[in-house]
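Quick note on the numbering used here: the sequence shown kicks off at 50 and runs consecutively.
Structure first, commentary second.
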Amino acid sequence: TYVLDQIGKATGVEADLKTCFTQEYKQILSLAYYLILEETNSLSRFSHWHKLHHHPYGKDIDPQRSRELLQGITEEQRMSFFAKQGNRRIEDQYWGFDTTSISSYCDTLEHVKMGKNKENERLPHFNLAVLFGEASGLPFYYRKLSGNICDVKTIRQLKGAFDGMDYQNFNVILDPGFYSQENMDDLYQHHQKFLIGLRLNLSYVKEVLDKEKDNLGLWSNLDPQFGTYGLCRPIDWDYAQERTK
50 TYVLDQIGKA TGVEADLKTC FTQEYKQILS LAYYLILEET NSLSRFSHWH KLHHHPYGKD
110 IDPQRSRELL QGITEEQRMS FFAKQGNRRI EDQYWGFDTT SISSYCDTLE HVKMGKNKEN
170 ERLPHFNLAV LFGEASGLPF YYRKLSGNIC DVKTIRQLKG AFDGMDYQNF NVILDPGFYS
230 QENMDDLYQH HQKFLIGLRL NLSYVKEVLD KEKDNLGLWS NLDPQFGTYG LCRPIDWDYA
290 QERTK
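Following this line, the structure appears as structure tokens:
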């Protein structure tokens, strides 16, 4: 728990929690410590764990209080915390964005739906979208999404979160699963800086590769930092925008 204390201070998590949850931040930190160190146990065992560990709150938190505390966290408080954490990483690193699917047999959770399961399990699931600093690897935003929402449709969810947190002047990295003509147009329309992987079967990608295939193996195009060959070529993007009127 001493190590977690230092991590909380170094990453600003403790300070930002204190700002957003003035009264409850120590309880939230203690529950987080427990969930990290006792990941296979339920919160009902916190009372036993509390007797054997030093933690920020320093007192017992019974299961009823744990539920009330976690259920009482509002969307406004969450977004405020995300914004503060994101602003600590906005200057010196790219932000990575990705989703993962979590399978579930539960039929009462609204987000658990049948859809494309990234783990290739034939089970209903929900998707968890995470935004993290590329250099630090630290997450600072998450969103639960229905299992039937594909990656290409999550970009608008992400843009809505950016608007709510007033983020500006940052770069986001996306994998090929987020590529679509509509998403690219949206990113350009909002002047969002981005780097995205592309599928090789796209016509304009094939066109560039066909022209440059003989140049890719030249020593002048070797990047010694990553030990790989590459080159940059500009293209024209056929931007389209639908207007309501």
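Glycine is no exception: its CB is placed at the ideal position from the N, C-alpha and C atoms.
Quick caveat, the model's predicted, so the values are computed rather than measured.
Residue i versus residue j - alpha carbon distance
i       : j       : result
Leu-172 : Thr-203 : 21 angstroms
Gly-121 : Gln-230 : 40 angstroms
Asp-263 : Gly-145 : 32 angstroms
Gly-57  : Glu-63  : 5 angstroms
Asp-111 : His-103 : 17 angstroms
Asp-235 : Glu-291 : 10 angstroms
Leu-119 : Asp-287 : 47 angstroms
Pro-105 : Met-128 : 23 angstroms
Ala-81  : Leu-249 : 43 angstroms
Gly-279 : Asp-224 : 18 angstroms
Glu-261 : Gln-238 : 30 angstroms
Leu-177 : Ser-153 : 13 angstroms
Glu-259 : Leu-194 : Looking at the sequence provided, one finds Asp at residue 259 rather than Glu. Roughly 39 angstroms separates the two Cα atoms.
Phe-181 : Gly-107 : 30 angstroms
Leu-92  : Gly-226 : 36 angstroms
Ala-132 : Tyr-228 : 26 angstroms
Asp-156 : Glu-73  : 32 angstroms
Phe-70  : Val-179 : 22 angstroms
Gly-61  : Glu-87  : 23 angstroms
Collapsed DSSP secondary structure at residue i in the structure displayed
i       : result
Tyr-154 : coil
His-312 : It is not possible to answer for residue 312, since the shown part of the chain is limited to 50 through 294.
Ile-245 : strand
Val-179 : strand
Val-257 : helix
Gly-61  : coil
Pro-225 : helix
Thr-148 : strand
Leu-80  : helix
Arg-192 : strand
Asp-109 : coil
Thr-68  : helix
Residue i classed as buried or exposed, judged by whether at least 16 other C-beta atoms fall within 10 angstroms
i       : result
Thr-148 : buried
Ile-284 : exposed
Asp-65  : buried
Ser-79  : buried
Ser-150 : buried
Asn-90  : exposed
His-240 : exposed
Own chain residues within Cβ distance below 6 angstroms of residue i, not counting five before or after
i       : result
Asp-109 : Ser-96 and His-99
Lys-75  : Pro-105 and Tyr-106
Chain-order list of residues whose beta-carbon lies under 8 angstroms from that of residue i (same chain, five-residue window excluded)
i       : result
Leu-267 : Tyr-278
**Cβ contact (3+ pairs, closer than 8 angstroms) linking the stretch 90-104 and the stretch 149-160** = Counting C-beta pairs closer than 8 angstroms gives fewer than three between the stretch 90-104 and the stretch 149-160, which falls short of the contact rule.
**Asked** Would the stretch 131-138 and the stretch 181-191 be scored as touching if the rule is three or more Cβ pairs under 8 angstroms?
**Response** yes
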